[in-house]
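> The numbering of the sequence shown is our numbering, which starts it at 1 and goes up by one. The beta-carbon is built from N, C-alpha and C at its ideal position, and this holds for glycine as well.
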Amino acid sequence: MSYIRFRNRVDCVPRIRLEKMGISSKRDNESTVGQFGSGAKLAPVAAIRKGFEWVCLGSDDRGDYRLDYVTKDVDGYDIVYYRYTTEEGITDIPSSFSLDAGVISWDTDFQIYREAFANALDANLEFGADYSVEIVDSIERKNGYFDVYLTADPDLLEFFDNSDLYFKHDNQPDFISKAAGGSDIGLYKNYVIEDSVRQCVSHVSDGRLYGKGGIWIGDTPDPCSIFSYQHSGFRLNEERRIADAYQVDSIASYALRNLSDKNAIRDIFILDKSSEYDSCVEWCLASYHFENMKSDAAWAEVWVEQYGETCIPICPAGVEGHYSEELTVQLQMRGLTVREVDNYVVYRLIVNSPSEVELNVSNILGTRAEFDIVDELTYVRQATLTKALSVVGRFETISDDIEFVAFAPRGHQETIHGVWVSDDRKIMLSVRALDLGVEHMVATIVHELDHATTGYGDTDRHFRDIADRRIGRLMMLLAEVDGL
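(1) Look up Gln58 in the DSSP assignment and give the residues it is bridged to.
(2) Which residue comes first and which comes last in the alpha helix (DSSP H) that contains Val442?
(3) What's the gap between the Cα of Gly34 and the Cα of Ile16?
(4) With Ile176 as the anchor, note down where its beta strand (DSSP E) starts and where it stops.
(5) Could you tell me if Leu449 is buried or exposed, where buried requires 16 or more neighbouring beta carbons within 10 angstroms of its beta carbon?
(6) Within its chain, find whatever has a CB closer than 7 Å to the CB of Thr310; leave out the 5 residues flanking it on each side and keep chain order.
(7) Which first and last residues belong to the beta strand (DSSP E) in which Gln230 is found?
(8) Distance, Cα to Cα, Asp11 vs Tyr84?
(9) Please report how far the alpha carbon of Ser38 lies from the alpha carbon of His169, in whole angstroms.
(10) With DSSP collapsed to three states, give me the class of Pro223.
(11) Please list the segments of the alpha helix (DSSP H) lying wholly inside the stretch 286-347, counting only runs of 4 or more residues, in order along the chain.
(12) Please confirm whether Asp147 and Gly58 have their CB atoms less than 9 Å apart.
(13) Using the beta-carbon count (16 or more within 10 Å), is Phe395 buried or exposed?
(14) Return the CA-CA distance between Tyr188 and Asp107, expressed in angstroms with no decimal places.
(15) Comparing alpha-carbon positions, which option in Ile398, Val446 and Tyr191 lies nearest Arg470?
(16) Can you tell me the Cα-Cα spacing of Glu87 and Tyr145, whole angstroms?
(17) Could you give the DSSP three-state label for Arg83: helix, strand or coil?
(18) For Thr453, which of Asp401, Ala300, Gly211 and Arg66 has the nearest alpha-carbon?
(19) Based on the DSSP output, what are the partners of Glu194 in its beta bridges?
(20) Roughly how far, in whole angstroms, is the beta-carbon of Cys280 from the beta-carbon of Ser225, given that I think they are within contact range, below 8 Å?
(21) Can you name, in chain order, every residue of its own chain whose Cβ lies under 6 Å from the Cβ of Ser362, other than the five neighbours on each side?
(22) Report the three-state DSSP secondary structure of Lys26 (helix, strand or coil).
(23) Give every residue of the same chain whose Cβ lies closer than 7 Å to the Cβ of Glu358, excluding the five residues on either side of it in the sequence, and list them in chain order.
(24) For Ile251 and Phe290, what's the separation of their Cα atoms in angstroms?
(25) Considering just the uninterrupted stretch of the alpha helix (DSSP H) at Arg114, what are its terminal residues?
(26) Specify whether the stretch 75-83 and the stretch 175-184 touch according to this definition: at least 3 beta carbon pairs, one from each stretch, less than 8 Å apart.
(27) What three-state label does DSSP hand Arg7 in the structure shown?
(28) According to DSSP, is Pro354 part of a helix, a strand, or is it coil?
(29) Rounded to the nearest angstrom, what separates Asp219 and Glu305 at their Cα positions?
(30) Would you kindly work out how many angstroms separate the C-alpha atoms of Ser31 and Ala118, rounded to a whole number?
(31) From the DSSP output, which residues share a beta bridge with Ser430?
(32) What residue from Val438, Gly366, Phe463 and Asp458 has the CA that sits closest to Asp423's CA?
(33) Mind checking which residues open and close the alpha helix (DSSP H) that includes Thr386?
(34) Tell me the rounded alpha-carbon separation between Asn171 and Leu165.
(35) With burial defined as no fewer than 16 other Cβ atoms inside 10 Å of the residue's Cβ, what is the status of Val380: buried or exposed?
(36) Does the beta-carbon distance from Leu99 to Ile48 come in below 9 Å?
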């Protein structure tokens, strides 16, 4: 019979550590995998539940021992026993586990294999001790070592045969970035760039997440990911699964923002143009991870190196929706060219990167970056605006420092009638709203003035209260006119 043998150099492994739940010599060592103290107890039970053998060979203060896991019927229940073979003979000690212990959470072959592997790896992480994983035909003791023998079942050999996919401890990441606090995030490429033509040619594998010791802890939320991520700070539960799914987004966004490897950034610029990656994990990260946070200076440096100091990135996606013919004309009038960045995340990474060259079109064009300003209105539209301002001015105070500016809506602005731009103290009015007449324009101006005078947003309950109170005042005024 063949076994997968997990061996590590250690002189003493007390038996109690293999028996009692919650006991772990690694509890206070954050670098190790086995901090929970439960895997060494539940993994063997899961193994025998699936029909695999799990045998431990070790030594402690009482001498050498061999530990097998067997079951016995006790009052109609399959109870797990620890069967110790020592110089004194064979002794069966009842455990507190039934065969169904952990059946809900310890439910995969990988959990069993990973626990045996992690126990061997931890000795290396803690003390630099040798460890090995091999296929053997017999169970044999080697003094000064602790061994776990696991049945070489085809389902378990999947992980042995594909060790590089499931265990990254001995693999160097393609790129290194930083998480919050400065700890390393390893990035493994899931793509291939054909250097001769510098274009993406194939997707290699799905995105995977690796925790302590480089052990696989799950896949990225979306099957398409340009990177797999290794980080020791992933929070895991006792089943060694991700405890907080949102943390994956946080880790990935930090990795991208802090990425300083220019080769990786050049690749990302190429991948941005590949339709194969339209829905990849990195491109679907929430915009709030990038809008107001600095990215590494390498992002702007690579952009300037590749496209020059006068080339400005613009992005048709996201909240800004920069692209329009008018925007391009405005930049050309300033001696600048444009290059479209398809993905909003990549765009924010570039423009949020510290640079001596201004790359943020919003800083270059101001309001004209977000709006196609109409500098001269038609007679009818100007008359509508003038009449509406006159009506509003009878009831509301319009501050002299507020400017009213008309704009032609871009595609994503079709349903927008007005916008208050606080930084520039401007109320932007869509020409489509002007075409709807004076009454509609009065309502739009009042709405935006409320934003300007209160600072409240549309979804703030207090904003609705302002409108309600105004309606009440107008009703009272009309009642007085009517003599009520």
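To lay it out plainly:
(1) At residue 58 the sequence reads Gly, which differs from the Gln that was named. In the DSSP output, where bridge partners are listed per residue, Gly58 has Tyr65.
(2) Per DSSP, Val442 belongs to the alpha helix (DSSP H) from Val438 to Thr454.
(3) Because the pLDDT of Gly34 is 47, which lies under 50, any placement of that residue in the model is unreliable, and the question is left without a value.
(4) Run containing Ile176: Phe175 to Lys178, per the beta strand (DSSP E) assignment.
(5) The residue in question, Leu449, is buried, as its Cβ has 16 or more Cβ neighbours within 10 Å.
(6) For Thr310, where only same-chain residues beyond five positions count, the Cβ hits under 7 Å are Gly335, Leu336 and Thr337.
(7) In the DSSP annotation of this structure, the continuous segment of the beta strand (DSSP E) that includes Gln230 starts and ends at Phe227 to Gln230.
(8) Going by the C-alpha atoms only, they are around 18 Å apart.
(9) Cα to Cα, Ser38 sits roughly 22 Å from His169.
(10) Correct three-state label for Pro223: coil.
(11) Within the stretch 286-347, the complete alpha helix (DSSP H) runs of at least 4 residues are 297-307 and 325-333.
(12) Yes, Cβ-Cβ distance for Asp147 and Gly58 is below 9 Å.
(13) A residue is called buried once 16 or more other Cβ atoms fall within 10 Å of its Cβ, and Phe395, having fewer, is exposed.
(14) Between Tyr188 and Asp107, the C-alpha separation is close to 28 Å.
(15) Cα-wise, what sits closest to Arg470 is Val446.
(16) Roughly 18 Å separates the two Cα atoms.
(17) Arg83: strand per DSSP, three-state reduction.
(18) Selected option, being the one with the closest Cα: Asp401.
(19) Gln199.
(20) Contact between Cys280 and Ser225 holds: CB atoms are separated by about 6 Å, below the 8 Å threshold.
(21) Spatial neighbours of Ser362 in its own chain (CB-CB distance under 6 Å, excluding positions within 5 residues in sequence) are listed in chain order as Ala369.
(22) Note that Lys26 scores a pLDDT of 49, beneath 50, so its modelled location is shaky and nothing firm can be said.
(23) Scanning its chain for C-beta atoms nearer than 7 Å, with the 5 sequence neighbours on each side dropped, one finds around Glu358 the residues Ile364, in chain order.
(24) The straight-line gap from Cα to Cα measures roughly 13 Å.
(25) Secondary structure note for Arg114: its alpha helix (DSSP H) is the uninterrupted segment Asp109 to Phe127.
(26) Taking a contact to require three or more Cβ pairs closer than 8 Å, the stretch 75-83 and the stretch 175-184 do not qualify as touching.
(27) Judged by DSSP in its simplified three-state form, Arg7 adopts strand.
(28) In the three-state DSSP reduction, Pro354 falls in the coil class, being neither helix nor strand.
(29) Those two C-alpha atoms are separated by around 35 Å.
(30) Low local confidence applies: a pLDDT of 48 at Ser31 is under 50, so the model's placement there is unreliable, and no value is given.
(31) DSSP output for Ser430 lists Phe407 as bridge partner(s).
(32) Among Val438, Gly366, Phe463 and Asp458, the Cα nearest to that of Asp423 is on Gly366.
(33) Run containing Thr386: Tyr379 to Phe395, per the alpha helix (DSSP H) assignment.
(34) Looking at the backbone, the Cα of Asn171 and that of Leu165 are separated by about 10 Å.
(35) Burial call: exposed.
(36) Yes.
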